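Residue numbers (the working numbering): 12 to 742.
Virtual Cβ for every residue (Gly too), placed ideally from N, Cα, C.
Fair warning: this is a prediction, and the values are worked out from it, not measured in the lab.
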Ligand code: MOS
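Next up, the structure:
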């Protein structure tokens, strides 16, 4: 049976708060944690081990060959010399010419012809050999001839598109600027960035007849299986993708990658299992980057610091024909009130690695810059930065007039300021400890919140154990744990009695891990299935579901208590199905928070050290206090990277990525990350599915870098507007 809920009206029931066990929300350890730290969790590339078993022929290994021009056509590959090399089985150049693999656009086949090159690093061929080393050797020895065409490489130098749907204006911003008591008009830039997940992409593809099985590392198997099927020209039900463990995604695994198409195609051609893994440089070159941005922010305020006008103009870049573009001003539409508003979104079409979703697309860079501009306004107006934000929080979405589903920005600002000790902040450039200049900065945190369609199946056995199944993934976020908690809570079972299976496209369709929608969406589906099972148990007990308590493996109604194994003669199985429906359309749904940072800037070298950060967040019901906190610690760490080090550098001559590995592309490591404090505000959001929850994963990023940039100004009086703030720019 399916418990289907079309979420057409908000759900204000608070029944999870009344559950008997206190499992939901508890800071429990990851249920799969022991498997991961002992190496027993098998990641995609490691599946090759099991495929060496007697039942399978040894797999072949494929290595992708990348284009070394930014734009043009492949004339010839020089296949023959490589085919003559020891162990080489094939040089394929058909379906593996996938230009735009990682966008997460379900069902879209590659848009370009096979021999067109659109960017440096684009996969153009696959060399398959008996061993990985032979394949890599062959790939390096392929001599490709091209007909080069001039590519566009500088986003600032091309005439940008202005898609009509992405522009908005209300009132007269120019007039508001002229008449303002205080105004600022500032421009910032942020560089291209890499998702830089720890686990590179890998697929092991096996055909059994016309059925394809791919072990891979993906965020959304539900969508990835039909994407791959479409690329191969086979029906969706012929493709199964299995991704039980994902070593980080950060947007890079939202869609299928070139390795999946190449491996599946080669396996079909050669009639054997084929494994294709990306090298670290290929991760940077052939997997979507976050677009670089140029942003202009205009702010006009009256004498009390109330915004009368705001403008946010962004230039982003992508390949020709790509539908995605970094939605820089996504949160600007609703974060602050102002009668006169203008948002401009320009897209430069360039021949660089395609741009896609990376960790909070839009807000990660947009909120960073907007909050830095707010700091500039606070300074210009002589108003405390926290106070400036408090004075400008709207009662409802300022553009549409829709109410917020919930909005605790003011509470987060006050809570964070108090915990951080914001009142000790001093005027810019006045606090010195030896050669270190010390400063404090803050920023609001904002991120849109979404629900996705989700299904989950729950089976309660007569022995009193439960199985939760959905093709949702756990990309390191804690999905296994929270879904296990939800079932344990609602079915009154100990955590150990519940098993959760994820990441297999053959299981009921989850929404995948993206846009921070996974927990609330899939969690609601699990809860719906469990509630349907509760109704059946209540029936067996002869009482109403509302009167039923399930606790410690027993069913309790009034003064009757029966252990589940005694009560159940057969397994009870239900499927939960959450459909977003109409509820969310009447409101602006977002998560809010506040970041505070203290930094020290070395007066001699310009080196910046983050000393401490405090984050206060409101994300609806917290399903697991520990994994939720870890999400925010990760987000704040990304904020440090965005403020201080992350920068993908494109060679100006051909667009190739110069720093295409984790030695040269700097991300924060242990010594860069000080004590980070995270505090969640108590919030329930009736629009957050049946759990009243919202997304967490990306909120911790949004604004975190802004707090650091603002703290740097407070420390040393230098306003760096080109990210990242490296020491050469501070000096
Ligand atoms: Mo995310 S950037 O939707 O994985």
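Which listed residue (192, 619, 165 and 410) has its alpha carbon closest to that of residue 313: Start at 1 with the first residue of the chain shown, and residue 313 comes out as number 302. Taking the Cα of residue 313 as reference, the smallest distance to any Cα among 192, 619, 165 and 410 is reached at 192.
Extent of the continuous beta strand (DSSP E) run through residue 269: In the chain shown, residue 269 corresponds to position 258, counting from 1. Per DSSP, residue 269 belongs to no beta strand (DSSP E); it is in the alpha helix (DSSP H), 269-281.
Bridge-paired residues (DSSP) for residue 198: The sequence position of residue 198 within the chain shown is 187, counting from 1. In DSSP, residue 198 forms a bridge with 307.
Contact under 9 Å by Cβ, residue 544 with residue 471: In the chain shown, residue 544 corresponds to position 533, counting from 1. In the chain shown, residue 471 corresponds to position 460, counting from 1. Yes, Cβ-Cβ distance for residue 544 and residue 471 is below 9 Å.
For residue 445, the nearest candidate out of 612, 355 and 59 (CA to CA): Indexing the chain shown from 1 puts residue 445 at position 434. Taking only the C-alpha atoms, the option nearest residue 445 is 612.
Alpha helix (DSSP H) runs wholly inside the stretch 38-90, at least 4 long, in chain order: Within the stretch 38-90, the runs of alpha helix (DSSP H) that reach at least 4 residues and sit entirely inside it are, in chain order, 44-48 and 58-62.
Delimiting residues of the alpha helix (DSSP H) encompassing residue 613: Here residue 613 corresponds to residue number 602 of the chain shown, with the count starting at 1. Under the DSSP assignment, residue 613 falls outside any alpha helix (DSSP H), being part of the beta strand (DSSP E) whose first and last residues are 601-613.
Segment limits, beta strand (DSSP E) that includes residue 329: As a position in the chain shown, residue 329 is number 318, starting the count at 1. Start and end: 318-329.
Cut-off 6 Å between Cβ atoms - residues of its own chain near residue 415, not counting five sequence neighbours on either side: Along the chain shown, read from residue 1 onward, the residue named residue 415 stands at position 404. Within the same chain, residue 415 has close Cβ partners 599.
Of the listed residues 141, 89, 43 and 517, nearest to residue 638 (C-alpha basis): Counting from one through the chain shown, the residue named residue 638 turns up at place 627. With distances taken between Cα atoms, residue 638 lies closest to 43.
Segment contact flag, the stretch 234-252 with the stretch 20-39, C-beta cutoff 8 Å, min 3 pairs: Inter-segment contact for the stretch 234-252 and the stretch 20-39 is absent: fewer than three beta-carbon pairs are separated by less than 8 Å.
For residue 673 and residue 436, the rounded distance between their alpha carbons: Walking along the chain shown from the start, residue 436 turns up at place 425. Walking along the chain shown from the start, residue 673 turns up at place 662. Between residue 436 and residue 673, the C-alpha separation is close to 36 Å.
Segments assigned alpha helix (DSSP H), at least 4 residues, entirely inside the stretch 129-182: 143-152, all fully within the stretch 129-182.
Three-way DSSP call (helix, strand, coil) for residue 117 in this model: Along the chain shown, one-based indexing puts residue 117 at 106. Low confidence applies here, because residue 117 scores a pLDDT of 36, under 50, leaving its location unreliable; read the following figure in that light. Look at residue 117 here: in three-state DSSP terms it is coil, with no helix or strand label.
Contact between the stretch 95-106 and the stretch 320-334 (3+ Cβ pairs under 8 Å): Contact between the stretch 95-106 and the stretch 320-334 is absent, because fewer than three Cβ pairs lie under 8 Å.
Through-space distance from residue 399 to residue 316, alpha-carbon basis: For the purposes of this step, residue 316 is taken as the residue at position 305 of the chain shown. For the purposes of this step, residue 399 is taken as the residue at position 388 of the chain shown. Per the coordinates, the alpha-carbon of residue 316 lies some 6 Å from the alpha-carbon of residue 399.
Alpha-carbon spacing of residue 41 relative to residue 554, whole angstroms: Sequence index remark: in the chain shown, residue 41 carries index 30 (1-based). Sequence index remark: in the chain shown, residue 554 carries index 543 (1-based). Their backbone Cα atoms lie some 35 Å apart in a straight line.
Candidates 149, 54, 129 and 83: closest to residue 91 by CA position: Within the chain shown, residue 91 is the residue found at index 80, counting from 1. For residue 91, the closest alpha carbon among the candidates 149, 54, 129 and 83 is that of 149.
C-beta atoms of residue 143 and residue 288 nearer than 9 Å: In the chain shown, the residue the question calls residue 143 occupies position 132. In the chain shown, the residue the question calls residue 288 occupies position 277. It is a contact, given that the beta carbons lie within the stated cut-off.
Residue 29 in three-state terms, based on DSSP: Within the chain shown, numbered from 1, the residue matching residue 29 stands at position 18. In the displayed model, residue 29 falls within a helix according to three-state DSSP.
Backbone secondary structure at residue 286 - three-state DSSP: Walking along the chain shown from the start, residue 286 turns up at place 275. Strand at residue 286.
Same chain, Cβ closer than 6 Å to residue 452, five either side skipped, listed in chain order: The residue you call residue 452 lines up with position 441 of the chain shown. Closer than 6 Å at Cβ, skipping near neighbours: 608, 718, 721, 722 and 725.
Residue 735 and residue 652 closer than 9 Å at C-beta: Residue mapping note: residue 735 aligns to position 724 of the chain shown, counting from 1. Residue mapping note: residue 652 aligns to position 641 of the chain shown, counting from 1. Contact: yes.
Neighbour-count burial assignment, residue 180, 16 or more Cβ in a 10 Å radius: Counting from 1 along the chain shown, the entry for residue 180 is found at position 169. Burial is judged here by how many other beta carbons sit within 10 angstroms of a residue's own beta carbon; residue 180 has fewer than 16 and is exposed.
Check: residue 371 C-beta below 8 Å from any heavy atom of the ligand MOS: By 1-based counting over the chain shown, the position of residue 371 is 360. Yes, Cβ of residue 371 sits closer than 8 Å to a heavy atom of the ligand MOS.
Heavy atom of the ligand MOS within 8 Å of residue 261 beta-carbon: On the chain shown, residue 261 is found 250 positions in, with the first residue counted as 1. It does: the Cβ of residue 261 is within 8 Å (strictly closer) of some heavy atom of the ligand MOS.
Near the ligand MOS: residue 709 beta-carbon under 8 Å from a heavy atom: Numbered from its first residue, the chain shown carries residue 709 at position 698. Indeed, a heavy atom of the ligand MOS lies less than 8 Å from the Cβ.
Cβ separation of residue 184 and residue 320, assumed to be a contact under 8 Å, to the nearest whole Å: Within the chain shown, numbered from 1, the residue matching residue 184 stands at position 173. Within the chain shown, numbered from 1, the residue matching residue 320 stands at position 309. 5 Å between Cβ atoms; contact.
Meets three-Cβ-pair contact criterion under 8 Å: the stretch 623-638 and the stretch 680-699: With the cut-off at 8 Å, the stretch 623-638 and the stretch 680-699 touch.
Span separating the alpha-carbon of residue 174 from that of residue 160: As a working note, residue 174 is residue 163 in the chain shown. As a working note, residue 160 is residue 149 in the chain shown. In this structure, the straight-line span from the alpha carbon of residue 174 to that of residue 160 is close to 27 Å.
Nearest neighbour of residue 687, chosen from 430, 342, 663 and 311 [CA to CA]: Counting from 1 along the chain shown, the entry for residue 687 is found at position 676. Nearest C-alpha to residue 687: 430.
The stretch 677-687 touching the stretch 516-531, judged by at least three CB pairs closer than 8 Å: Because the criterion of three Cβ pairs below 8 Å is not met, the stretch 677-687 and the stretch 516-531 do not touch.
Spatial distance of residue 618 from residue 384 (CA atoms): Within the chain shown, the letter at position 607 stands for residue 618. Within the chain shown, the letter at position 373 stands for residue 384. About 23 Å.
Any non-hydrogen atom of the ligand MOS within 8 Å of residue 265 CB: Counting from one through the chain shown, the residue named residue 265 turns up at place 254. Checking every heavy atom of the ligand MOS against the Cβ of residue 265, one is found closer than 8 Å.
Candidates 306, 138 and 403: closest to residue 355 by CA position: Sequence index remark: in the chain shown, residue 355 carries index 344 (1-based). Minimum Cα distance to residue 355 is reached at 306.
Exposed unless 16 or more other CB atoms sit within 10 angstroms - verdict on residue 26: For this step, residue 26 is matched to residue 15 along the chain shown. It is exposed - the Cβ of residue 26 has fewer than 16 other Cβ atoms within 10 Å.
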